[in-house]
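Worksheet: one structure, shown below.
Protein chains: 2
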Amino acid sequence: MFEKRKITLKDIAKDLGISVSTASRALRSHRDISPETIKMVKDYAEQHHYVPNFQAVNFRKSRTFSIGLIVPELVHHFFSTVISGAISAAGKRGFNVLVSQSNDTLEGEIVAARSMLAGSVDGLLVSISNETLEGAHLLEFLEEGKPVVQFDKISGHLPTPKVTVDDFEGAYQAVSHLIHQGFSKIAHIRGRLDVKNSIDRYEGYVQALIDKTLEFNEEWVKVCKDISEEEGYLFAKELMETENPPDAIFCITDLVAWGAIKYLKKKGFEIPAQVGVVGFSNWKLAEVMSPSLTSVDQHGFAIGEQSAHVLIDLIESQNLESQETHQIKTNLIIRESSKRR
Amino acid sequence: MFEKRKITLKDIAKDLGISVSTASRALRSHRDISPETIKMVKDYAEQHHYVPNFQAVNFRKSRTFSIGLIVPELVHHFFSTVISGAISAAGKRGFNVLVSQSNDTLEGEIVAARSMLAGSVDGLLVSISNETLEGAHLLEFLEEGKPVVQFDKISGHLPTPKVTVDDFEGAYQAVSHLIHQGFSKIAHIRGRLDVKNSIDRYEGYVQALIDKTLEFNEEWVKVCKDISEEEGYLFAKELMETENPPDAIFCITDLVAWGAIKYLKKKGFEIPAQVGVVGFSNWKLAEVMSPSLTSVDQHGFAIGEQSAHVLIDLIESQNLESQETHQIKTNLIIRESSKRR
DNA sequence: TTGAAAGCGTTACCAA
DNA sequence: TTGGTAACGCTTTCAA
Chain A
27 MFEKRKITLK
37 DIAKDLGISV
47 STASRALRSH
57 RDISPETIKM
67 VKDYAEQHHY
77 VPNFQAVNFR
87 KSRTFSIGLI
97 VPELVHHFFS
107 TVISGAISAA
117 GKRGFNVLVS
127 QSNDTLEGEI
137 VAARSMLAGS
147 VDGLLVSISN
157 ETLEGAHLLE
167 FLEEGKPVVQ
177 FDKISGHLPT
187 PKVTVDDFEG
197 AYQAVSHLIH
207 QGFSKIAHIR
217 GRLDVKNSID
227 RYEGYVQALI
237 DKTLEFNEEW
247 VKVCKDISEE
257 EGYLFAKELM
267 ETENPPDAIF
277 CITDLVAWGA
287 IKYLKKKGFE
297 IPAQVGVVGF
307 SNWKLAEVMS
317 PSLTSVDQHG
327 FAIGEQSAHV
337 LIDLIESQNL
347 ESQETHQIKT
357 NLIIRESSKR
367 R
Chain B
27 MFEKRKITLK
37 DIAKDLGISV
47 STASRALRSH
57 RDISPETIKM
67 VKDYAEQHHY
77 VPNFQAVNFR
87 KSRTFSIGLI
97 VPELVHHFFS
107 TVISGAISAA
117 GKRGFNVLVS
127 QSNDTLEGEI
137 VAARSMLAGS
147 VDGLLVSISN
157 ETLEGAHLLE
167 FLEEGKPVVQ
177 FDKISGHLPT
187 PKVTVDDFEG
197 AYQAVSHLIH
207 QGFSKIAHIR
217 GRLDVKNSID
227 RYEGYVQALI
237 DKTLEFNEEW
247 VKVCKDISEE
257 EGYLFAKELM
267 ETENPPDAIF
277 CITDLVAWGA
287 IKYLKKKGFE
297 IPAQVGVVGF
307 SNWKLAEVMS
317 PSLTSVDQHG
327 FAIGEQSAHV
337 LIDLIESQNL
347 ESQETHQIKT
357 NLIIRESSKR
367 R
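Right, here's the structure in full:
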């Protein structure tokens with residue numbers, strides 16, 4: 027019922043009695059084709075709905091005008107925001123985005139990377155999995171002349187540009203805010219010891235305490251493995267059951283904060299009167315939980331946009347050496363869980 | 027520093043003193059190539075890390091082994107779940123997924139569709155925007171011989187297969203549950219009058235009332251335009267301020283339910299003691315809000331998987347005529363907001 | 001069992 | 001200003 031054969035340059039050339047190369051050049055308004063020929067060819071193309079076969083063009087130029095994007099998890103507010111930003115920026119520059127997820131495993135990341143490397147993208151945007159160390163599968167891109175840009179979760183081992191959240195500054199602001207609200211015994215439920223984001227947030231936390239000459243207590247720092255709600259609950263319990271409990275908790279993510287708040291509510295602690303809580307990420311749930319959660323917004327959309335622009339710049343300049351780091355500023359969103367005054 | 031020229035079939039053929047066609051066939055274990063030759067070629071390929079150039083293969087076969095996926099909104103729990111399912115299923119069948127969003131506008135959908143149609147995908151998965159009526163830009167895919175599958179938000183005008191949530195049944199179950207919990211004056215904050223999902227949910231709501239011989243009251247039905255938190259708040263207010271207020275509200279989405287709950291809490295109504303609330307979608311926030319929200323889970327992952335399978339089946343069978351509808355069952359998740367017994 | 005050659009649709013070089 | 005031709009890397013007849 028459907029099916030309408032597409033016309034090619036050859037058809038145009040034959041019908042117009044010119045050569046294929048002339049037709050090709052005319053369509054691109056090449057400067058040494060006469061205006062008359064150009065007009066003739068363009069008119070014909072228009073009338074016959076000529077559409078260039080991009081597969082052929084791209085094959086010829088060995089380009090795809092697509093970029094790959096690998097995230098640890100797709101169903102995740104922050105990452106879907108980043109994807110949205112990347113697609114928006116890439117689209118404006120004529121690139122499609124091929125999306126995949128690693129499920130935060132090395133294996134998954136390798137599978138995703140390989141399926142993209144084999145001729146379907148011109149470059150890669152990646153937020154590495156927790157398990158990624160060497161990243162040989164990512165180096166392969168560079169070896170093939172395809173640039174890679176890392177964002178958010180990055181590895182220092184890979185010689186690529188990076189676009190990151192300013193985790194240090196975000197944490198610093200969050201903790202400073204707590205101090206400003208009158209909290210003085212501030213705990214931190216942090217992420218893994220070997221992940222850069224969680225290290226930076228931890229350091230921002232420590233620096234804020236130092237700058238305001240507040241007590242730093244080793245026992246007030248808890249280390250998550252999964253960054254889960256359950257861990258938030260558990261560590262809040264551990265923190266509050268000690269001799270010298272904190273009066274505020276700065277959590278590595280909103281989900282962990284939600285677990286902590288669940289515990290605090292259950293035990294009748296008043297938030298923020300008795301205990302203040304701050305999260306990180308500013309997901310939708312921060313706004314919705316009760317009490318609403320003060321959180322650090324990571325500007326995911328901007329990160330996606332910026333990453334895509336950096337990558338496409340490299341693709342277009344054939345630059346594989348760049349290792350610039352771009353830091354995106356965070357923004358503290360103050361809500362009920364920490365507001366005392 | 028990097029850059030390692032890829033070897034091609036021609037290189038293999040030359041080095042091994044055979045022809046390109048023999049090399050090509052040997053690699054695919056073609057049945058009339060001798061076992062010895064096959065082994066020789068494969069060993070050589072292995073040693074020299076031969077990777078076929080898929081751009082060339084795909085160009086030759088006019089295939090891309092990619093599918094397009096257009097959703098109204100990317101930053102949305104349901105849609106990101108669907109995307110995740112589609113990528114998972116497509117990956118298993120050797121397809122990459124090119125993702126884009128329409129921002130729920132016709133214009134956006136057309137732009138996204140066009141950039142994919144021009145030779146970058148073999149078929150399209152689409153959940154149409156609110157503004158899409160005729161869908162000429164989608165028919166173009168069929169005209170080019172590329173199958174289209176609609177999911178979730180669908181248009182009856184387009185002759186394509188469809189994968190949908192069983193909205194009617196989901197709503198029916200939700201309302202039946204409320205009735206079973208002892209609620210008898212059940213209101214409905216519904217979606218637009220011209221959108222199929224919201225019509226189906228409305229009809230499920232009405233049918234449940236009829237089957238249980240409960241009162242249907244025209245005044246208890248409110249129509250959203252944006253499906254926003256604000257509308258939930260506003261309509262809950264309108265409903266509760268009438269002479270004869272309902273004792274339960276079934277909402278078109280969790281976000282609307284959250285708006286309604288906000289109002290109810292503010293006015294001191296006890297949930298679910300005085301007013302029961304049920305949402306639809308089962309986002310993360312349903313679990314997190316207080317009280318936690320009973321909601322209809324839509325199995326987004328299954329929808330994504332199923333849609334991808336249906337599409338890839340059509341691509342591989344070259345079938346452009348199919349218009350089957352696949353309904354995915356929903357699942358009611360019962361939480362505090364409706365549990366009376 | 002193997003090879004030669006044509007062809008997919010385009011671009012780009014070299015001649016005319 | 002134009003045309004012929006080779007080339008991109010592969011698959012697929014057709015012949016040998």
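Same order as they appear, the protein sequences are chains A and B.
Going letter by letter, the first sequence gives residues 27 to 367 in the numbering used here.
Going letter by letter, the second sequence gives residues 27 to 367 in the numbering used here.
Every residue gets a Cβ at the ideal spot worked out from N, C-alpha and C, and that includes glycine.
Inclusion of PHE261 (chain B) and LYS248 (chain B) in the CB contact set at 7 Å is warranted, their separation being smaller than that value. For TRP284 (chain A), the C-beta contacts it makes with chain B under 9 Å involve VAL314, in order along the chain. The contact set of GLN127 (chain B) on chain A, defined by CB atoms closer than 8 Å, consists of SER110, ILE113 in chain order.
In terms of CA proximity to VAL137 (chain B), B:GLN127 leads the group B:SER364, B:GLN127, B:PHE306. For SER318 (chain B), the closest alpha carbon among the candidates B:ALA283, B:ILE341, B:ASP339, B:GLY326 is that of B:ALA283. Apart from sequence neighbours up to five positions away, the residues of its chain that approach VAL322 (chain A) with a beta-carbon distance below 8 Å are GLY196, ALA197, GLN199, ALA200, VAL304, GLY305, PHE306, SER307, ASN308, THR356, ASN357, LEU358, ILE359, ordered along the chain. Between PRO298 (chain A) and SER363 (chain A), the gap from beta carbon to beta carbon is short of 7 Å.
It is roughly 8 Å from the alpha-carbon of SER210 (chain A) to the alpha-carbon of ALA274 (chain A).
When secondary structure is reduced to three states using DSSP, ASP323 (chain A) falls in the strand class.
Residue contact check for THR34 (chain B) against chain A: no CB pair falls below 7 Å. By the CB criterion at 7 Å, SER92 (chain A) and ASN122 (chain A) fall inside the cutoff.
At a Cβ-Cβ threshold of 7 Å, ALA115 (chain B) and HIS352 (chain B) do not count as neighbours. Judged by DSSP in its simplified three-state form, ILE359 (chain A) adopts strand.
DSSP places LYS263 (chain A) in the uninterrupted alpha helix (DSSP H) bounded by 255-266.
Between the beta-carbon of ASP178 (chain B) and that of THR190 (chain B) there is about 6 Å, and that keeps the pair under the 8 Å contact cut. For SER307 (chain B), no alpha helix (DSSP H) encloses it; the enclosing beta strand (DSSP E) starts and ends at 302-307. Within the model, the alpha-carbon separation for SER316 (chain B) versus LYS365 (chain B) is close to 13 Å. Under the DSSP definition of a beta bridge, HIS214 (chain B) partners with B:VAL247, B:PHE276. At the C-beta level, TYR289 (chain B) and LYS263 (chain B) come within 7 Å of one another.
Using a 10 angstroms sphere on the CB of ARG57 (chain A), the tally of other CB atoms stays under 16, which defines it as exposed. Look at PHE295 (chain B) here: in three-state DSSP terms it is coil, with no helix or strand label.
Of the candidates B:PHE104, B:VAL147, B:LYS118, B:VAL147 places its Cα closest to the Cα of LEU124 (chain A). For the pair GLY149 (chain B) and ILE341 (chain B), the CB atoms are nearer than the 7 Å cut-off. Ranked by how close their Cα comes to the Cα of LYS238 (chain A), the residues A:GLY330, A:GLN207, A:THR131 have A:GLN207 in first place.
The alpha carbon of GLN332 (chain B) has as its nearest neighbour, out of B:PHE276, B:THR107, B:ILE154, the alpha carbon of B:THR107. Under the Cβ distance rule, LEU265 (chain B) does not count among the residues neighbouring chain A, no pair being separated by less than 7 Å.
Bridge partners of GLN353 (chain B) according to DSSP: B:THR190.
Going by DSSP, VAL152 (chain A) is part of the beta strand (DSSP E) stretching over 150-152.
With a contact defined as Cβ atoms closer than 8 Å, THR90 (chain B) and GLN81 (chain A) qualify at about 7 Å.
For ASN122 (chain A), the C-beta contacts it makes with chain B under 8 Å involve LEU124, SER126, SER141, MET142, SER146, in order along the chain. If you draw a straight line from the Cα of ILE212 (chain A) to the Cα of ASP220 (chain A), it comes to about 23 Å. The beta-carbon separation of ILE96 (chain A) and GLU135 (chain A), rounded to 6 Å, stays under the 8 Å limit for a contact. Here the alpha carbon of GLU350 (chain B) sits roughly 18 Å from the alpha carbon of ASN223 (chain B).
Residues of chain B with a Cβ closer than 7 Å to the Cβ of LEU311 (chain A) are, in chain order, LYS310, LEU311, VAL314. Of the residues B:ILE154, B:ALA112, B:ARG119, B:ALA144, the one whose Cα lies closest to the Cα of ASN129 (chain B) is B:ILE154. One finds GLN81, ALA82, PHE85 in chain A with Cβ atoms closer than 7 Å to the Cβ of PHE85 (chain B), taken in chain order.
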